[in-house]
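Undergrad: Sharing a structure with you now.
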Amino acid sequence: MDANPSSDPFAIASPAALATIYPAPKPVVATKATDRIGERSAAFIARSPFAVLSTVGERGPHASPRGDAPGFVQVLDEKTLALPDRRGNNRLDALRDVLDDPRVALLFLVPGMGETLRVHGTARITTDPALRERMAMGRTLPATVMLVSVTEVFMQCPRALLRAGLWSGQGKPEGVPTGGEMIDEHTAGRLSRDSYDNEMAPYCADNLY
Numbered sequence: 030m031d032a033n034p035s036s037d038p039f040a041i042a043s044p045a046a047l048a049t050i051y052p053a054p055k056p057v058v059a060t061k062a063t064d065r066i067g068e069r070s071a072a073f074i075a076r077s078p079f080a081v082l083s084t085v086g087e088r089g090p091h092a093s094p095r096g097d098a099p100g101f102v103q104v105l106d107e108k109t110l111a112l113p114d115r116r117g118n119n120r121l122d123a124l125r126d127v128l129d130d131p132r133v134a135l136l137f138l139v140p141g142m143g144e145t146l147r148v149h150g151t152a153r154i155t156t157d158p159a160l161r162e163r164m165a166m167g168r169t170l171p172a173t174v175m176l177v178s179v180t181e182v183f184m185q186c187p188r189a190l191l192r193a194g195l196w197s198g199q200g201k202p203e204g205v206p207t208g209g210e211m212i213d214e215h216t217a218g219r220l221s222r223d224s225y226d227n228e229m230a231p232y233c234a235d236n237l238y
């Protein structure tokens, strides 16, 4: 089925049409991105056991789950992430996509945290022996490592996970930066850490739908 058939009189076909339906984003949303992995973002990634890797190539788009012990994605420096390729079904959708188009997106989740971390960049695939050794699990080395050159980093608010009840009854893990601490880092202090942390919960409660 065509997702946007010409016969649909209600189909949205332009940014201008979208703008008549949705209000402009608040300044906190429009200016919350940074172009590097800071200390707090690195702490979030270090405690994340699961991420979704999004890629696109000649065969179309793919969203691939990636998971392991917390910190399985390593921050090599503020502009570089390393993602080991653990054993899978060998479809290699994401890896083939990167060979076609290096643009990638990662969505990091931490159990108990409503906020998620989004990272965009360009990737390459390497068999660097030192990197593979560094990311080994016991005696098992990853076949390859995906290196992501970071271009954009930002935090996503918790409403989607709250609506899903994904972590219902599960407390916030220790050592994970708050949403306010991350947004303070991403905006170099332009947006208030305390304001976000104090106001987000009641705001979400009143604006889930």
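In this text, residue positions in the sequence shown follow my numbering: the first is 30, and each later residue adds one. Cβ coordinates follow ideal geometry from the N, Cα and C atoms, glycine included.
Less than 8 Å between the beta carbons of Val-104 and Ile-154, yes or no?
TA: Counted from its first residue, the sequence shown places residue 104 at position 75. Counted from its first residue, the sequence shown places residue 154 at position 125. It is not a contact, given that the beta carbons lie outside the stated cut-off.
Undergrad: Assuming Pro-113 is part of the beta strand (DSSP E), what are its boundary residues?
TA: The sequence position of residue 113 within the sequence shown is 84, counting from 1. Unbroken beta strand (DSSP E) run through Pro-113: 109-113.
Undergrad: Which whole runs of the beta strand (DSSP E) in the stretch 117-142 are 3 residues long or more, in chain order?
TA: List check, beta strand (DSSP E) in window: 132-138.
Undergrad: Suppose the cutoff is 7 Å on Cβ atoms and the five residues either side in sequence are ignored; what does the same chain contact list for Arg-161 look like?
TA: Residue numbering aside, residue 161 sits at position 132 when the sequence shown is read from its first letter. Same-chain partners within the cutoff: Leu-170, Pro-171 and Val-174.
Undergrad: When you compare the CB positions of Thr-216 and Lys-61, do they come within less than 8 Å of one another, or not?
TA: Within the sequence shown, residue 216 is the residue found at index 187, counting from 1. Within the sequence shown, residue 61 is the residue found at index 32, counting from 1. Taking 8 Å as the Cβ cut-off, Thr-216 and Lys-61 qualify as a contacting pair.
Undergrad: Which whole runs of the alpha helix (DSSP H) in the stretch 35-94 are 4 residues long or more, in chain order?
TA: If we require 4 residues or more, the alpha helix (DSSP H) runs fully inside the stretch 35-94 come out as 44-48, 56-59 and 68-75.
Undergrad: Can you name, in chain order, every residue of its own chain whose Cβ lies under 8 Å from the Cβ of Leu-124, other than the five neighbours on each side?
TA: As a working note, residue 124 is residue 95 in the sequence shown. Hits under 8 Å: Asp-114, Ile-154, Thr-173 and Met-175.
Undergrad: By how many angstroms is the C-alpha of Pro-52 removed from the C-alpha of Ile-41?
TA: In the sequence shown, residue 41 corresponds to position 12, counting from 1. In the sequence shown, residue 52 corresponds to position 23, counting from 1. Distance between the alpha carbons of Ile-41 and Pro-52: 15 Å.
Undergrad: Note the first and the last residue of the continuous alpha helix (DSSP H) segment covering Ala-230.
TA: Walking along the sequence shown from the start, residue 230 turns up at place 201. Note, Ala-230: alpha helix (DSSP H), 222-235.
Undergrad: I'd like the span of the alpha helix (DSSP H) that includes Leu-190, first residue to last.
TA: Here residue 190 is taken as the residue at index 161 of the sequence shown, counted from 1. Its alpha helix (DSSP H) spans residues 188-193.
Undergrad: Just checking my contact of Arg-239 with Leu-112 at CB under 8 Å: how many whole Å lie between their CB atoms?
TA: Limits of the chain in this structure are 30 at one end and 238 at the other, which puts residue 239 out of reach.
Undergrad: Gly-198 by DSSP, collapsed to three states: which one?
TA: By 1-based counting over the sequence shown, the position of residue 198 is 169. Coil at Gly-198, not helix or strand.
Undergrad: What's the call for Gly-167, buried or exposed, on a 16-neighbour Cβ count within 10 Å?
TA: Along the sequence shown, read from residue 1 onward, the residue named residue 167 stands at position 138. Looking at its Cβ environment, which holds fewer than 16 other Cβ atoms inside 10 Å, Gly-167 is exposed.
Undergrad: With DSSP collapsed to three states, give me the class of Asp-97.
TA: Reading the sequence shown from its first residue, position 68 is the one you call residue 97. Coil, per DSSP.
Undergrad: Per DSSP, which one or two residues make a beta bridge with Leu-176?
TA: Residue numbering aside, residue 176 sits at position 147 when the sequence shown is read from its first letter. Partner(s): Ala-111 and Arg-153.
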